[in-house]
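Novice: Could you have a look at this structure, given as structure tokens, before my questions?
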Amino acid sequence: MNSARAAAVILFAAITLYAVFGGADFGAGFWDLVAGGAERGARPRALAEHAIAPVWEANHVWLIFALVILWTAFPTAFASITLTLFVPLSLAAIGIVLRGSGFAFRKVTLRTSRRRLLGATFAFSSVIVPFSMGTIAGAIASGRVPNGGQAGDTWSSWVNPTSLLGGVLAVAACAYLASVYLVADAHRLDDPELESYFRRRAVGTAVVAGAVALVGIFVLRNDATYLYDQLTSQALPLVVVSALAGLAALALVLRGVHRYARFAAAVAVATVILGWGVAQWPYILPQSLTVEDAAAPSGTLNALFAVFGIAAVTVVPSLILLYVLDQRTVLDPEASQH
């Protein structure tokens with residue numbers, strides 16, 4: 506594998522990890538949004554907060570890593586993407602900032618009105634961010650980002666059927682992933698009522714996500730022909746794996762096999778992202794800019810790989826330890842917010 510292809514593989518691995526780990530956090534924010542009034546939604550919100558408090562900041566490492574790889578290894582593509590899609594990118598960036606501040610300050614604010622405002626900020630931002638990310642993915646995958654570091658249309662590039670499909674599917678996938686994780690967390694904390702609560706929502710979001718994906722077939726066939734053709738040919742095995750993993754996760758949730766249900770749900774979401782990557786291969790901007798043509802000089806890529814190697818032996822073990830301690834209920838969610 507040459508340097509350009511290796512960089513592209515690392516880029517999509519980082520995007521996939523962000524979708525799985527960060528997506529679960531955004532999905533927890535979605536369930537915070539729809540939990541109901543202050544009294545009725547108190548316990549589901551408390552469980553969601555307990556689940557994401559130790560890791561919500563760490564999960565953004567994958568997004569930062571992906572952006573660094575994109576602008577360092579594929580600068581022409583990065584220029585085209587940011588010039589064309591600066592509106593959804595700005596919405597996502599603002600949403601990430603507001604989500605973090607809302608989540609952090611909600612806990613320490615004493616006045617009820619401010620707590621509600623900060624809670625609403627956190628919850629709404631948890632929907633805006635994955636929706637914006639999904640529209641960005643749809644714009645790139647459908648070939649609406651031009652080559653050569655040029656700016657495409659500011660609005661039609663991401664306000665179109667494929668991009669809107671990507672946004673809705675991203676929100677549904679995050680909600681589905683979080684609901685499966687929260688079933689496991691409720692079981693771990695010995696709360697059968699909340700376990701049943703999130704089990705019902707896992708089933709519901711699985712149905713919704715499946716329906717959106719089914720409708721998406723017709724959307725892509727009419728609006729993104731190249732992507733549709735590739736998804737139904739070279740990326741078809743990953744599409745099938747995603748569907749089977751989603752069904753397996755649903756069956757395992759219903760049977761109460763929580764550990765494997767989380768793994769299956771993560772595989773279902775990860776293979777959607779990987780399927781996107783395989784579908785547009787060998788292009789980084791479909792049908793206009795290949796991975797080889799977009800790559801930075803070999804010296805830049807070699808320096809990037811050196812930094813990646815250092816990060817792999819320093820940062821990754823720390824993140825693994827964080828996730829393990831979190832799942833063993835060793836960390837204090839209260840302390841992690843200060």
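Each residue of the sequence shown is one higher than the last, beginning at 506 in the working numbering. Note that the Cβ used here is the ideal one computed from N, Cα and C, for glycine as well. It should be emphasised that the depicted structure is a prediction, and the values quoted were computed from it without experimental measurement.
In three-state terms, what does DSSP make of Leu623?
Specialist: Helix.
Novice: Note down the Cα distance separating Glu554 from Ala533, rounded to an integer number of angstroms.
Specialist: 8 Å
Novice: Could you have a look at Thr889 and say whether DSSP puts it in helix, strand or coil?
Specialist: Because the chain is modelled from 506 through 843, residue 889 falls outside the range shown and cannot be assessed.
Novice: Quick one: using the 10 Å Cβ neighbour count with 16 as the cut-off for buried, is Arg705 buried or exposed?
Specialist: exposed
Novice: Among residues of its own chain, excluding the 5 on either side of Leu623, which ones have a beta-carbon nearer than 7 Å to its beta-carbon?
Specialist: Once the five neighbours on either side are set aside, the close Cβ partners of Leu623 are Gly607, Phe610, Arg611, Thr614.
Novice: Please say whether Arg604 and Ser631 have beta carbons closer to each other than 7 Å?
Specialist: yes
Novice: Among residues of its own chain, excluding the 5 on either side of Leu669, which ones have a beta-carbon nearer than 8 Å to its beta-carbon?
Specialist: Thr640, Gly643
Novice: Give the single residue among Asn727, Asn507, Val514 whose Cα lies nearest to the Cα of Trp781.
Specialist: Nearest neighbour of Trp781 by Cα position, chosen from Asn727, Asn507, Val514, turns out to be Val514.
Novice: Output the distance between the C-alpha atoms of Phe570 and Leu694, rounded to the nearest integer angstrom.
Specialist: 33 Å
Novice: Suppose the cutoff is 7 Å on Cβ atoms and the five residues either side in sequence are ignored; what does the same chain contact list for Thr805 look like?
Specialist: Thr577
Novice: Whole angstroms is fine: what's the gap from Ser823's alpha carbon to Leu575's?
Specialist: 24 Å
Novice: So, do the segment 561–570 and the segment 527–541 have three or more beta carbon pairs nearer to each other than 8 Å?
Specialist: yes
Novice: Is Gln842 helix, strand or coil when you go by DSSP?
Specialist: Low confidence applies here, because Gln842 scores a pLDDT of 46, under 50, leaving its location unreliable; read the following figure in that light. DSSP places Gln842 in helix when its eight states are reduced to three.
Novice: Here's the rule I'm using: 16 or more other beta-carbon atoms within 10 Å means buried, otherwise exposed. How should Thr847 be labelled?
Specialist: Missing from the structure shown is residue 847; the chain here goes from 506 to 843 and no further.
Novice: What residue range is occupied by the uninterrupted beta strand (DSSP E) comprising Leu575?
Specialist: For Leu575, there is no enclosing beta strand (DSSP E); the residue is part of the alpha helix (DSSP H) that begins and ends at 566–578.
Novice: Which residues in the same chain have their Cβ closer than 7 Å to the Cβ of Ser594, if we skip the five residues on either side of it in sequence?
Specialist: Per the sequence shown, residue 594 should be read as Leu rather than Ser. The residues are Thr587, Ile641.
Novice: Please report the distance separating the alpha-carbon of Leu590 from that of Phe583.
Specialist: Taking C-alpha positions only, Leu590 is separated from Phe583 by approximately 10 Å.
Novice: Can you tell me whether DSSP reads Ile515 as helix, strand or coil?
Specialist: Per DSSP, reduced to three states, the secondary structure at Ile515 is helical.
Novice: How far does the alpha helix (DSSP H) with Tyr523 in it extend, from its first residue to its last?
Specialist: Run containing Tyr523: none; DSSP gives neither H nor E here.
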